[in-house]
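Report on the following structure.
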Amino acid sequence: MRSVRLYTVMVLASVGAFIDRRIETFCVLYFWFLFFGTLFVALIIPVYLLFFTSYWWLLGLYAVWYYYDIETPYKGGRPWTWLQNLPLMQKGARYFPAKLVKTAELSPKNNYIIGSHPHGIMSIGIYLSLSTGANGFTKIFPGITTRLSILDFNLKMPFRREVCLALGMIPAAKKAITHFLKGEKKGYAIGLVIGGAEEALDANHDNFDLTLKNRKGFIKIALTTGAHLVPVYNFGENSLFTQVKSERGTFLRMFQTTVKKLFGFSPPIYHGSGVFNNYFGFLPYRVPLVTVVGAPIAVQKVTNPTTEQIDELHRKYCEALTKLFDEHKTKYDCFDMDKEMQRQERRKRREQEKVRLRNEERIADIIEAEADSTLSDSELAGGIATSAELPHIVGSTMHFANSQRNKRKLQFSGYAYTKHRTANDKIHWRCERHQKPSTATVTGLEVRPPFLPRKSSKKWDLTELK
1 MRSVRLYTVM VLASVGAFID RRIETFCVLY FWFLFFGTLF VALIIPVYLL FFTSYWWLLG
61 LYAVWYYYDI ETPYKGGRPW TWLQNLPLMQ KGARYFPAKL VKTAELSPKN NYIIGSHPHG
121 IMSIGIYLSL STGANGFTKI FPGITTRLSI LDFNLKMPFR REVCLALGMI PAAKKAITHF
181 LKGEKKGYAI GLVIGGAEEA LDANHDNFDL TLKNRKGFIK IALTTGAHLV PVYNFGENSL
241 FTQVKSERGT FLRMFQTTVK KLFGFSPPIY HGSGVFNNYF GFLPYRVPLV TVVGAPIAVQ
301 KVTNPTTEQI DELHRKYCEA LTKLFDEHKT KYDCFDMDKE MQRQERRKRR EQEKVRLRNE
361 ERIADIIEAE ADSTLSDSEL AGGIATSAEL PHIVGSTMHF ANSQRNKRKL QFSGYAYTKH
421 RTANDKIHWR CERHQKPSTA TVTGLEVRPP FLPRKSSKKW DLTELK
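Per full-length UniProt numbering, the sequence shown starts with residue 1, numbered consecutively.
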């Protein structure tokens, strides 16, 4: 009876976990709709209302509203707090799971520019922190009002702009950012994804390079507004999707760069997890997503900052970001990546060892079959080695080329031997390359290179196994 109860509890727990994961997936689908679904809505709804219904006049009313409200994104936006704090947001954050880590206080007596790194494919980490209540930013940093800057065209598309404004987003334009930070009130923070579309093309799980060296516009805005700089690193952001690598100089990268210059966004080719599988789809992988907020860098307001002042503050920001990354990399994404690389290296060594052992067995079979072959000292002096010499090199990494009827080539550690059948039907091995091997193969074995005369006193001690 006890075992039946235990089995029932286990079944109910597994079913509950399955349902919970499906709910989390549904919440992430909601995120996906906010990212991409509104793009299709902005294109489909106007066409549908205009040509397939009698409610075309709604478009006229919306056009009037759009014209009236056109400056709102540049004047601080219009966030809906109830939408940002929906339970869907918290549930969606548990999908990864995502969390926010505080390393220092942010005083509500100052304004802040939050620099987010890396961009990743979708910048999900900074989105969950600043545009939703999923990570509890307002609870961890009380008294701070946040906005997230995005590409300008998102706030010019009909219907999509309303969703972006409701989520507390404003354009990544100097006019909008300056207006938000220049007010008399303090305690405002705006998030900027510094790397932008260019950095999105480098989003791979094994890449930690940032597009930052020549990004100094946000530094100048910080100086002119007196806003303090806050470096933020999102560990796990680059691991949420698998992107087709496009190295600089390749045709794919040039195409993506051209699209970015023409339209302002880059088209990365990627895939992630599926709705009902974990290996292919359009959803992000279930990878821990940790947003670490660094200590603020104090900035004195300068009306007309010089190039030297901008460069100096940029240097301080880069140093603070590097320090933040180094202090936390072993706790989160990078430590796991190191272990994965170590596992791959061990797997590679095991495969090499299998190949080495297999080659040794094949060489030993040939040596045993040809052990009765002999050559004179004069032939040895001329560079001919018998099969009897070959046991001294067993253990080296060897492989065979394509064999022929009376000729076969054996290669190892810089030597090349060709198998020849002589007139008296004896088999000899001729050394074709006289090159000292770069690595030894058999621990503690002292051998004479086969191509040297038998009476030579020169010997090599092969002691390093590699």
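Even for Gly, the Cβ is constructed at its ideal location relative to N, Cα and C.
All values derive from a computational prediction rather than experimental measurement.
Roughly how many whole angstroms lie between the Cα atoms of residue i and residue j?
i      : j      : result
Thr145 : Val232 : 17 Å
Tyr55  : Leu83  : 27 Å
Ser266 : Lys260 : 5 Å
Ser129 : Leu357 : 54 Å
Ile150 : Arg350 : 48 Å
Leu49  : Asn207 : 46 Å
Gln225 : Glu319 : Note on residue identity: the sequence assigns Thr, not Gln, to residue 225. Their Cα atoms are separated by approximately 22 Å.
Ala172 : Leu210 : 19 Å
Val355 : Lys102 : 50 Å
Gln352 : Asn359 : 11 Å
With DSSP run on the structure shown, which of helix, strand or coil describes residue i?
i      : result
Val47  : helix
Thr145 : strand
Gly104 : Looking at the sequence shown, residue 104 is not Gly but Ala. In this structure, Ala104 counts as coil in the three-state DSSP scheme.
Pro73  : helix
Leu313 : helix
His271 : strand
Thr53  : coil
Met157 : coil
Leu167 : coil
Leu212 : coil
For residue i, which of the options has the nearest alpha-carbon?
i      : options                        : result
Leu212 : Leu167, Phe51, Gly196, Thr178  : Gly196
Phe263 : Lys186, Phe153, Gly115, Tyr127 : Phe153
Trp80  : Glu162, Glu327, Asp311         : Glu162
Glu24  : Ile44, Leu283, Lys174          : Leu283
Asn135 : Lys99, Tyr127, Leu59           : Lys99
Ser107 : Asn304, Asn359, Lys186         : Lys186
Asn278 : Phe241, Ile310, Leu50, Leu210  : Phe241
Lys91  : Arg22, Leu61, Leu192           : Arg22
What does a CB cutoff of less than 6 Å around residue i pick up in its chain, not counting 5 residues either side in sequence?
i      : result
Leu321 : Pro231
Thr72  : Arg78
Leu29  : none
Gly274 : Phe280, Gly281
Ala104 : Ala295
Ser239 : His205, Val287
Ala93  : Leu128, Ala134
Glu198 : Thr211
By Cβ distance, which residues of its chain are closer than 7 Å to residue i, with the 5 residues on each side in sequence left out?
i      : result
Phe276 : none
Ser246 : Leu201, Leu252, Arg253, Gln256
Tyr66  : Pro158
Can you list, in chain order, the residues of its chain whose CB lies under 8 Å from that of residue i, leaving out five sequence neighbours each side?
i           : result
residue 513 : What is shown of the chain runs 1 to 466, which leaves residue 513 out entirely.
Leu39       : Met157, Arg160
Leu165      : Thr72, Pro73, Gly77, Arg78, Pro79, Leu155
Residue i and residue j: beta carbons closer than 9 Å?
i      : j      : result
His271 : Ala200 : no
Ile194 : Ile177 : no
Gly76  : Phe180 : yes
Met89  : Cys27  : yes
Leu148 : Gly168 : yes
Leu229 : Val299 : yes
His117 : Lys216 : no
Asn110 : Ala222 : no
Thr62  : Ile219 : It is worth fixing the name first, because residue 62 is Tyr in this sequence and not Thr. It is not a contact, given that the beta carbons lie outside the stated cut-off.
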